[in-house]
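For reference, the structure discussed in these notes is given below.
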Amino acid sequence: MNDGKVGVLFVCLGNICRSPLAEAVFRAEVQAAGLLEHFEIDSAGTSNYHIGESPDPRTIRSAAERGVHVRHRARQLSDEDFDQFDYILAMDHENLARIKHRAPRGRTLGAHIGLLRAFDGDSDDGAEVPDPYFGGPRGFETVHDLVERACRGLLAHVREQNGV
Ligand code: 4NP
Numbered sequence: 017m018n019d020g021k022v023g024v025l026f027v028c029l030g031n032i033c034r035s036p037l038a039e040a041v042f043r044a045e046v047q048a049a050g051l052l053e054h055f056e057i058d059s060a061g062t063s064n065y066h067i068g069e070s071p072d073p074r075t076i077r078s079a080a081e082r083g084v085h086v087r088h089r090a091r092q093l094s095d096e097d098f099d100q101f102d103y104i105l106a107m108d109h110e111n112l113a114r115i116k117h118r119a120p121r122g123r124t125l126g127a128h129i130g131l132l133r134a135f136d137g138d139s140d141d142g143a144e145v146p147d148p149y150f151g152g153p154r155g156f157e158t159v160h161d162l163v164e165r166a167c168r169g170l171l172a173h174v175r176e177q178n179g180v
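If you're matching positions, the sequence shown starts at 17 in the working numbering and goes up one per residue.
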């Protein structure tokens, strides 16, 4: 927790497709609920592949078609993130494992670290947001659908837990 804010960090591999989209979709949901000042929302990658880059143009385009503005600079997950954020949410198992491996050793972590789709009540246990990077445009639309459902569930969960 950060100045009384609820910190939510979305994490994928490159921080150019799935997690910047999740960041933007969640921010739009929070804004629509009039709760922006209660949240710190960001995204990061477990890899260093695309540090400093803008989101993938396919992410920007498909999100814009659904009225969501995606704007971010890719960055890599850091030690500070584990103090800064209350929720560190991975898009898939591979990145969840990378986050846990990356977590600072030797102290108790306050952050909830888990899969984003765990907050989608209609998804199966262990459901992932699949990597769209090497596929076609339909993959980005699927990612948007999955992320949107999970972000709605996440916001409902956080509101219930934190009384906001
Ligand atoms: P993301 O997608 O993890 O959703 O940002 C990817 C972006 C880049 C690569 C893989 C996945 N890559 O291998 O460069």
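We put the CB at the ideal spot given by N, CA and C, even for glycine.
Report task. Return helix, strand or coil for L52, following the three-state DSSP convention. Result -> helix
**Report entry** Closest by C-alpha distance to G179, when choosing among F135, L51, V86
**Finding:** L51
Query raised in the report: Rounded to the nearest angstrom, how far is the Cβ of L171 from that of E45, given a contact under 8 angstroms?
Result: 5 angstroms
Requested in this report: Could you spell out the range, first to last residue, of the alpha helix (DSSP H) harbouring G122?
Outcome: G122 -> no alpha helix (DSSP H), and no H or E assigned at all.
Query - Terminal residues of the alpha helix (DSSP H) in which A172 lies - result: 153-178
Query raised in the report: Does the segment 127-141 come close enough to the segment 52-71 that 3 or more CB-CB pairs lie under 8 angstroms?
Result: Of all C-beta pairs linking the segment 52-71 to the segment 127-141, fewer than three are shorter than 8 angstroms, placing the two stretches out of contact.
Requested in this report: Please find out if some non-hydrogen atom of the ligand 4NP comes closer than 7 angstroms to the beta-carbon of C33.
Outcome: yes
Query raised in the report: Under the three-state reduction of DSSP, which class applies to I32: helix, strand or coil?
Result: coil
Query raised in the report: beta strand (DSSP E) containing A79: first to last residue?
Result: Here A79 belongs to no beta strand (DSSP E); instead the alpha helix (DSSP H) covers 73-80.
**Report entry** Closest Cα partner of G142 within the set F101, P36, Y65, M107
**Finding:** M107
Query raised in the report: Buried or exposed: G152, going by 16 or more other Cβ atoms within 10 Å of its Cβ?
Result: exposed
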